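The structure appears right after this line, and notes come after that.
There are 2 protein chains.
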Amino acid sequence: MTVTHPRGFRASGVAAGLKASGNADVALVVNDGPDYTAAAVFTGNRVKAAPVLWSQQVLKGGIVRAVVLNSGGANACTGSQGFRDTHATAEHTAAVLRGISKPGAKPMMIGAGDVAVCSTGLIGELLPMDKLLPGVNAAAKALAADGGPKAADAIMTTDTVAKNAVAQRDGWSVGGIAKGAGMLAPALATMLVVITTDASADNEVLDAALRAATRVTFDRIDADGCMSTNDTVLLLASGASNRQPTVEELTEAVTEVCHDLAQQLIADAEGATKHIAIEVRGAASESDAVQVGRVVAGNNLVKTAFFGNDPNWGRILAAVGTTSAAFEPDRIDVAINGVWICKGGAAAEDRSKVDLSGRDVTVTINLREGEMGATIWTTDLSHAYVHENSAYSS
Amino acid sequence: MTVTHPRGFRASGVAAGLKASGNADVALVVNDGPDYTAAAVFTGNRVKAAPVLWSQQVLKGGIVRAVVLNSGGANACTGSQGFRDTHATAEHTAAVLRGISKPGAKPMMIGAGDVAVCSTGLIGELLPMDKLLPGVNAAAKALAADGGPKAADAIMTTDTVAKNAVAQRDGWSVGGIAKGAGMLAPALATMLVVITTDASADNEVLDAALRAATRVTFDRIDADGCMSTNDTVLLLASGASNRQPTVEELTEAVTEVCHDLAQQLIADAEGATKHIAIEVRGAASESDAVQVGRVVAGNNLVKTAFFGNDPNWGRILAAVGTTSAAFEPDRIDVAINGVWICKGGAAAEDRSKVDLSGRDVTVTINLREGEMGATIWTTDLSHAYVHENSAYSS
Chain A
0 MTVTHPRGFR ASGVAAGLKA SGNADVALVV NDGPDYTAAA VFTGNRVKAA PVLWSQQVLK
60 GGIVRAVVLN SGGANACTGS QGFRDTHATA EHTAAVLRGI SKPGAKPMMI GAGDVAVCST
120 GLIGELLPMD KLLPGVNAAA KALAADGGPK AADAIMTTDT VAKNAVAQRD GWSVGGIAKG
180 AGMLAPALAT MLVVITTDAS ADNEVLDAAL RAATRVTFDR IDADGCMSTN DTVLLLASGA
240 SNRQPTVEEL TEAVTEVCHD LAQQLIADAE GATKHIAIEV RGAASESDAV QVGRVVAGNN
300 LVKTAFFGND PNWGRILAAV GTTSAAFEPD RIDVAINGVW ICKGGAAAED RSKVDLSGRD
360 VTVTINLREG EMGATIWTTD LSHAYVHENS AYSS
Chain B
0 MTVTHPRGFR ASGVAAGLKA SGNADVALVV NDGPDYTAAA VFTGNRVKAA PVLWSQQVLK
60 GGIVRAVVLN SGGANACTGS QGFRDTHATA EHTAAVLRGI SKPGAKPMMI GAGDVAVCST
120 GLIGELLPMD KLLPGVNAAA KALAADGGPK AADAIMTTDT VAKNAVAQRD GWSVGGIAKG
180 AGMLAPALAT MLVVITTDAS ADNEVLDAAL RAATRVTFDR IDADGCMSTN DTVLLLASGA
240 SNRQPTVEEL TEAVTEVCHD LAQQLIADAE GATKHIAIEV RGAASESDAV QVGRVVAGNN
300 LVKTAFFGND PNWGRILAAV GTTSAAFEPD RIDVAINGVW ICKGGAAAED RSKVDLSGRD
360 VTVTINLREG EMGATIWTTD LSHAYVHENS AYSS
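Order-wise, the sequence lines are chains A and B.
Heads up, the first sequence is in our numbering, so the first residue is 0 and it goes up one at a time.
Heads up, the second sequence is in our numbering, so the first residue is 0 and it goes up one at a time.
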């Protein structure tokens, strides 16, 4: 149920001492082919971490043979030394992998330019290369065809559970791992995600499938409105299944994995006590629906109300009012968990009918302007969020 | 030091039973002339409360003889009945004031169209008119030339202190009252503000002075990024001083009062433990500086870091990276309380040198792109903010 479920991949996760806790912090995912096509989506943040700048260059070549990931440090806002460190990490990874071939296989033909790098952790500090590079050695030695879960463990930061997913199709599959927890925001929720498939697909097909999938999954979750410097979603194809799905088939399977991982990210977001779906209906356009959903999802007064089990639809309308979406204030309907407490922009069913005792909350907003819709997933704003983000530097 | 400091104004505040606490909740500010010119700025929220829709119409006439304000209910998202209630409140206020003349003065010539209405409190519920209208009677009877502080008391919601301010000039003055506390956001912080002056000024001069003043004061504070449905800033001129300052002189004095009140609002924002100035320098344009300041001020990870006394400049850079302002990531400098912990987009002085033990925090961001700047004032995101906005419906 992870990145090593599709054939042609090995993975590992080891503890290299980057995390003070001693937990695993260096992961490797290796594509053993026969194909090495890849696609990626990166953070929209203009302040990009060194590994993002590096991996963007790697992806231009269209080939990714390995991904090295570390937690315990974001290597963002680290200047030219930070970029040199990322480059050195890729060089070292390639060199180690050239020396360690798969049992019974030919030595890997791999250069630094085939190695994507992902980092996550505190911004603004250089990585301890004296720990990271030996960690890469250990991770390379630990590579295994069932190593996906260990890689998922090693990229966790404030995540409380590892995230793995798989979509099985007839003769081929898509698998994935993710880390998230904080800094989850629109235009790529903050996270590192590696998705693998044993389907055979060229770069254009992979790119189309990945962009279509992330647009309706990772781009529609928002935990705290804060966009990270390190967001990366990688899709690697090994072709080991000898199957070549259509772009529609591949998109559908990649979307299934992305949706699964995105929901796991929201479910495990820092301090969350609620898992909230903001369903916008009746919008004049999909972009209107997405805008309204994101603004409501990002509103601190709405989020604190849900933490307090308060079906405060007035705050929801006040948030909708700050958007540029087509709507008339006196036509909007709002339901919370199926109870239409606001009709035509004013109070309707009694708020006491709304049951907010459970973890899952669905807010339905009908703009009554058209036929389009979108759903944004978010969390509440709790004491635990404030605690996690104030008590520790991260 | 309040709205009744300028000559020609009376004010009052009484308890009408709108607040469960029994505290004062209805206020009146009356302009006794000889002039009745006025200007106003209203919320940019497209979901506007009934009193905002009403007062916008009143201001089109250019004359405001009285302002009736209530806490204990926002009268927002209340449909056509809510608007009828606001209209009835203005009619009732005018009728009562016609019957109660100033001692020794002629009866007031006042109609409902001369009465601005402001409301604040929970969204989505109708006001208890059977309590509000008798409250207006009591407030009219209580009108006094030193009643400003009582009016300031009566408009408080989660405010912990009343807000009053004055700017004294040679022979004339400007005074003001304000309420704020939650829902403080750009494009008019959420609040009700009444400003008075005994200067003589036509509507155009008042409008120019008020817009110039609010642009650099109330528009540059942001407590929680949430824009209200009820924001109103009114400026009333009585002309009782017989002085006619230039538009520059009036703008300067109105700005002084607005700045004073805006700082009081931020100082008393819900749950705030820090009073934070985000000073943006070196911007290519003022709008770039304002955008960067607002985005940093609104970032939950930055706000929780300050609550935790953590000089987390990485989160500040990550926030700057989400703007469209002109900047290069590797040229930005950031200081916290005067310590330049980030230079050229990377770590510089040791973060341990930053003293965050006090309440006041200054973040200086130098984009090094030009000569423009702006300062946005904000607060931290604390446990108390979450508590105030989750434990009670507001």
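Note that CB positions come from ideal geometry on N, CA and C, so glycine has one too.
Remember, predicted model here, so these are calculated numbers, not experimental data.
8 Å Cβ cutoff, B:His382 in contact with chain A: yes
Closer than 8 Å to chain A by CB, B:Arg45: yes
Let me check one thing: in DSSP terms, what residues is A:Phe403 bridge-paired to? In the structure displayed, chain A extends from 0 to 393; residue 403 of chain A sits before or after that span and is not available.
Between the stretch 72-94 of chain B and chain A, which residues of the former have a C-beta closer than 7 Å to a C-beta of the latter? Ala75, Cys76, Thr77, Gly78
Say whether chain A places a C-beta atom closer than 8 Å to the C-beta of B:Asp34. no
Per-residue contacts from A:Thr228 into chain B (C-beta, under 7 Å): Going along chain B in sequence order, the residues near A:Thr228 (Cβ under 7 Å) are Ala317, Gly320.
Does the beta carbon of B:Pro328 come closer than 8 Å to any beta carbon on chain A? Judged by the 8 Å Cβ criterion, B:Pro328 is in contact with chain A.
Considering only residues of the same chain and omitting the five flanking positions on each side of B:Lys140, which have a CB-CB separation below 7 Å? Ile99
Helix or strand or just coil, what does DSSP make of B:Met128? helix
Starting from A:Asp221, follow its DSSP beta bridges and name the residues at the other end. A:Asp221 is bridged to A:Thr377.
So if I threshold CB-CB distances at 9 Å, which residues from the stretch 280-304 of chain B count as touching chain A? Gly297, Asn298, Asn299, Leu300, Val301, Lys302, Thr303, Ala304
Determine which residues of the stretch 360-380 of chain A have a Cβ less than 9 Å from any Cβ of chain B, and write them out in chain order. Asp379, Leu380
Residues bridged to B:Lys342 [DSSP beta-bridge criterion]: B:Ala345
For the stretch 116-141 of chain A, which residues have a beta carbon sitting closer than 9 Å to at least one beta carbon of chain B? Leu121, Ile122, Gly123, Glu124, Leu125
Terminal residues of the beta strand (DSSP E) in which A:Glu278 lies: 274-282
Starting from B:Trp171, find everything on chain A with Cβ-Cβ shorter than 8 Å and list it in chain order. What B:Trp171 touches in chain A: nothing, since even the nearest Cβ is about 37 Å away.
Counting only the same chain and skipping the five closest in sequence on each side, list residues whose C-beta sits under 6 Å from that of B:Gly292. Closer than 6 Å at the Cβ level, and outside the excluded window around B:Gly292, lie Ile277, Val279, Ala373, Ile375.
Under 7 Å from the C-beta of B:Ala345: neighbouring residues of chain A: Cys76, Thr77, Gly78
What in chain B is Cβ-close to A:Arg219, meaning under 7 Å? Ordered by position in chain B, no residue passes the 7 Å Cβ test against A:Arg219, which lies about 17 Å from the chain.
Residue-chain proximity (A:Trp53, chain B), Cβ-Cβ < 8 Å: no
Check the Cβ of A:Arg314 against every Cβ in chain B and list those closer than 8 Å, keeping chain order. Ile122, Cys225
Taking only beta-carbon atoms, is B:Val40 less than 8 Å away from chain A? No - not a single Cβ of chain A is within 8 Å of the one on B:Val40.
I'd like to confirm something about B:Ala48: is its beta-carbon nearer than 7 Å to some heavy atom of the ligand SAH, or not? Absence of the ligand SAH is noted for the structure shown, with no ligands found whatsoever.
Based on the DSSP secondary-structure assignment, which residues constitute the bridge partners of A:Asn163? Paired residues: A:Ile176.
Note down the Cα distance separating B:Ala283 from A:Ala347, rounded to an integer number of angstroms. 49 Å
For B:Gly419, the nearest candidate out of B:Val160, B:Met155, B:Thr196, B:Arg168 (CA to CA): Look at the range of chain B in this structure, 0 to 393, and you will see that residue 419 of chain B is not part of it.
Limits of the unbroken alpha helix (DSSP H) element including A:Asn299: A:Asn299 -> alpha helix (DSSP H) spans 299-306.
Three-state secondary structure assigned by DSSP to B:Ala252: It is helical.
Which of the three DSSP states is assigned to B:Gly12 in this structure? strand
Would you call the stretch 152-172 of chain B and the stretch 236-244 of chain B in contact, with 3 or more CB pairs under 8 Å? yes
With a threshold of 8 Å between beta carbons, is B:Asn388 in contact with chain A? yes
Who are the near neighbours of B:Pro185 in its chain, counting only those whose CB is closer than 7 Å to its CB and skipping five residues on each side? The pLDDT assigned to B:Pro185 is 37, lower than 50, so where the model puts this residue is not dependable, and the model offers no usable value.
Check B:Asp332 in the structure and name its three-state DSSP category. strand
Indicate whether A:Ala212 and A:Val253 have their beta-carbon atoms separated by less than 8 Å. yes
List, in chain order, every chain A residue whose beta-carbon is nearer than 7 Å to that of B:Val385. Within chain A, the residues near B:Val385 are Thr303, Phe306, Leu380, Ser381, His382, Val385.
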